[in-house]
Amino acid sequence: MRKTKLLAITMAAVVGMSSVPAVYRDVVVAQADETTGETFSLDEPNYLAAYTAGKKVTTDKQTLNFTFKTYETATLNWDTPVLLVYTSDDGIYDSKNTNYKHYANVRSDCWVDAEGTTETDASKNITINKTYPSDWNEWLKACKEEGKATVEYQKDSSNKVTIKYTVVAGDYTSVSEFSFIADEGKETYFAVTGELCTISGLPIDMKMELSNEQTRLKSVAGTYSDTDKTTTFGQVKCDGWWTNWSNGVEITEDAQKFSFKTTTNESTDLRWNTPTTVVFTSVDGGLYKPTTSKNLYKEYSVIRSDCFVITGADTVNETSGSLKTTGIPTVETKAYPDGANADEKKAIDDENNAKITEAWKPWVDANKAGTEVTGTVKREGNKVILTYLNNGIGYTATIPVEEGKKAYLSLTGEQCTIDNLKFAPAPAESTPAPGTEATPAPGTSATPAPGTSAEPAPGTSAAPAPGTSATPTAKPTVAPTKKPSNTKKPAKKLKSATITVKNGKKKVSSVTVKTKKSVKLAVSVNSKAKLSVAKLSKKNAKIAKVTFKKNKLTIKGLKKGKVSIKITSKKTSKYKAATKTIKVTVKK
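Just so it is clear: in the sequence shown, position 402 is 402 by my numbering, and no numbers are missing.
Here it is in structure tokens:
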């Protein structure tokens, strides 16, 4: 079985293994050859970008050592390794096995999130002891040079598990000791992951590789030029559906424009035999099989050149305004009469499909002759704004994506060839692309003619749903008159700022705290602007006490009730002002 390496896993020594890899559901776990001392590394550009296979906790006291380096760009204590503690039948974190149970995340900076608590809790048989470094800033600086980690782990005859995690960075040391009673009869494991750091020296028996169910799809790689910040691709030839792709180009807050020439195969007259855009999150910019874990790969939109949304139609559609189309031909179609039988319906479908095919023919012919396609793409917080124009027909799509994960754009298609694909920085005053308001004609059908097929990827369908309409009237496009040279340059468009609040590793918008207890939250904003917290009213100040210092928000419960805490960031030269509200419930 051919295996694909997980993420940026690299081998520190290339030596043959003495045993056959064991397959556990979605992953292959390499078995250790203890005589070689073989190790590997994990790169963690974001939280859970990669993680190891589990290390089993036994009654024999054992020790695991590894080193790490925090990224130079990191600014937070938790941009360091994390231990994931759990019970599982197969030893894999977040397994599909129903017997998986998560117990704690143990961070390098002494944050232990154990079953929702960061404190010792006798009722849950949880004990947590911590030793903090004397200066967190100096500790983080030293982690960027190199941190040395030691994990001591053991369980006793009563299934009490103790994991002691020590991190030494320069002259500074952090220690987190976590003890709990695991469920009887269950094997306990811990895996290693992290955020904004590179972890090295991990033993080979903790290495995971993707199985054939989580295989990266072969795609055309691009060439990046640091001189002009462009990415260019060789030919992407798509003879069948979901058979070839351009490798993903990361979507950032800096807008990019893209262009290419497309030529549809001469043998087809189907409008969906044209290019298709794919917006997805991925650990490395690659596309993977649909069976791949959503932690590694997830598609958010797959949109054809004829503006039909194959994947993501529940969130990207004209009804919600998240999809705006232009140039689609208008077709008046016939509806089924009351009491129509199957033969009568088929005859009407054939007549409607013939009309639709005829209306689209000039556009299809232009694609067969070869036409230029242009578009733009950028990210605004948790949304991707994608514009696309193919010979007068196109769309603007607003696509929601998961916060904290890198999003990418790829081009694919069916029975067409994509040439000279190029991504480049978009001008600051780039004209927004297609997307005039266009109301589809009633009763229009975009169902393909009988006997045709646009075979989509497994589990998807490229055929429009019955009764859908893809026929808005095109509005004329007129090039704007060039402004005289003395016209003032338009004000620079500010980017959207996003305020993020974390309870440990988890991003939150609401928290629950007991009376006389406190919860500490970390607050950050991508604009790096100054943050402030609005003062509570006298009434709400009796429910909770709120303090905000050095971007740490501490909420102490005073009496039962609910309050809302408003956090704001100031406007900067590049970013807009932003607000975020945290809802707090205080319970007895």
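All C-beta atoms, glycine included, are put in the ideal place defined by N, C-alpha and C. Note that this is a predicted model, so its numbers are computed, not measured.
So, with DSSP's three-state summary, where would you put residue i?
i, result
"alanine 30", "The predicted position of alanine 30 is uncertain, since its pLDDT is 35 and thus under 50; a value taken from the coordinates is nonetheless stated next. Coil."
"alanine 522", "strand"
"serine 509", "coil"
"asparagine 391", "coil"
"serine 496", "coil"
"lysine 552", "strand"
"asparagine 273", "coil"
"lysine 571", "coil"
"lysine 124", "helix"
Out of curiosity, what's the CA-to-CA distance linking residue i and residue j?
i, j, result
"alanine 497", "aspartate 183", "44 Å"
"valine 525", "aspartate 79", "16 Å"
"isoleucine 582", "leucine 64", "39 Å"
"asparagine 99", "lysine 207", "22 Å"
"lysine 505", "isoleucine 418", "42 Å"
"phenylalanine 258", "cysteine 143", "39 Å"
"alanine 470", "isoleucine 328", "Residue placement at alanine 470 is poorly supported in this model, since its pLDDT is 35, which falls under 50; the coordinates still yield a value, given next. If I take the Cα positions, the gap works out to 7 Å."
"threonine 547", "threonine 117", "20 Å"
"lysine 406", "valine 331", "40 Å"
"isoleucine 567", "alanine 369", "55 Å"
"lysine 539", "valine 519", "20 Å"
"isoleucine 128", "threonine 120", "5 Å"
"valine 220", "leucine 409", "13 Å"
"tyrosine 604", "aspartate 365", "With the chain represented from 1 up to 588, any question about residue 604 goes unanswered, as that position is not in the structure."
"glutamate 351", "threonine 268", "20 Å"
"lysine 355", "lysine 345", "15 Å"
"threonine 398", "glycine 240", "28 Å"
"phenylalanine 180", "tyrosine 165", "15 Å"
"tryptophan 363", "leucine 48", "45 Å"
"cysteine 238", "leucine 217", "14 Å"
"asparagine 265", "phenylalanine 233", "20 Å"
"threonine 262", "threonine 274", "8 Å"
"threonine 243", "tryptophan 272", "15 Å"
"glycine 394", "alanine 169", "54 Å"
Starting from residue i, trace the beta strand (DSSP E) both ways and give me its first and last residue.
i, result
"aspartate 419", "416-425"
"asparagine 105", "101-107"
"asparagine 129", "127-131"
"aspartate 43", "39-44"
"proline 81", "81-87"
"tyrosine 189", "188-194"
"valine 584", "578-587"
"valine 309", "309-311"
"glutamate 299", "297-304"
"leucine 287", "Careful: leucine 287 lies outside any beta strand (DSSP E) and carries neither H nor E."
Apart from the five residues just before and just after residue i, which ones in its own chain have a Cβ nearer than 8 Å to its Cβ?
i, result
"lysine 562", "Ile543, Lys583, Val584, Thr585, Val586"
"serine 510", "Ile582, Lys583, Val584, Thr585"
"threonine 276", "Val302, Ile303, Arg304, Ser305, Ile310, Leu411, Thr412, Gly413, Glu414"
Got a sec? Which residues, its chain only, sit under 6 Å from residue i by beta carbon, not counting five neighbours each side?
i, result
"glutamate 403", "Asn382"
"glycine 312", "Tyr300, Ser301"
"phenylalanine 597", "Outside the displayed range of the chain (1 to 588) lies residue 597, so it cannot be described from this structure."
"leucine 521", "Val501, Asn503, Leu553"
"valine 106", "Leu83, Val112, Tyr165, Ser176, Phe178"
"alanine 534", "Lys566"
"valine 508", "Val501"
Let's see if you can read the secondary structure: which residues bound the alpha helix (DSSP H) around residue i?
i, result
"cysteine 197", "Element bounds for cysteine 197: not the alpha helix (DSSP H) but the beta strand (DSSP E), 197-203."
"leucine 591", "Missing from the structure shown is residue 591; the chain here goes from 1 to 588 and no further."
"aspartate 349", "342-369"
"asparagine 65", "Looking at the DSSP string, asparagine 65 is not in any alpha helix (DSSP H); the run it does join, the beta strand (DSSP E), is 62-70."
"alanine 541", "538-541"
Could you pull out every residue in the same chain whose Cβ sits closer than 7 Å to the Cβ of residue i, ignoring the five residues on either side in sequence?
i, result
"lysine 559", "Thr515, Lys542, Ile543, Val586"
"tyrosine 86", "Tyr93, Tyr100, Lys101, His102, Tyr103, Tyr189"
"threonine 35", "With a pLDDT of 40 at threonine 35, under the threshold of 50, the modelled position of that residue is not reliable, and no figure is offered here."
"alanine 359", "Pro329, Val331"
"aspartate 56", "Checking the displayed sequence, the identity of residue 56 turns out to be lysine instead of aspartate. Excluding sequence neighbours, lysine 56 sits near Gly91, Glu187, Tyr189."
"lysine 130", "Cys110, Val175, Ser176"
"glycine 222", "Thr231, Thr232, Phe233, Ser246, Asn247, Val249"
Does any residue of chain B have a CB that is nearer than 7 Å to the CB of residue i?
i, result
"aspartate 135", "Although the question refers to chain B, the structure presented lacks it and comprises just one protein chain."
Cβ contact (3+ pairs, closer than 8 Å) linking the region 193-203 and the region 372-381 = Touching, no.
Between the region 107-115 and the region 167-180, do three or more beta carbon pairs fall short of 8 Å?
-> Judged by pairs of C-beta atoms under 8 Å, the region 107-115 touches the region 167-180, as three or more such pairs exist.
Say whether the region 280-292 touches the region 245-259, bearing in mind that this needs 3 or more beta-carbon pairs closer than 8 Å, one atom from each stretch.
-> Note that the region 280-292 touches the region 245-259; at least 3 beta-carbon pairs, one per stretch, sit closer than 8 Å.
Please determine if the region 146-166 and the region 51-66 are in contact, where contact requires at least 3 C-beta pairs separated by less than 8 Å.
-> With the rule of 3 Cβ pairs closer than 8 Å, the region 146-166 counts as touching the region 51-66.
Would you check if there are 3 or more beta carbon pairs closer than 8 Å linking the region 122-140 to the region 38-48?
-> At 8 Å Cβ cutoff, the stretches do not touch.
Counting Cβ pairs, one atom from each stretch, are 3 or more of them under 8 Å apart for the region 383-400 and the region 185-198?
-> Not touching, per the Cβ criterion.
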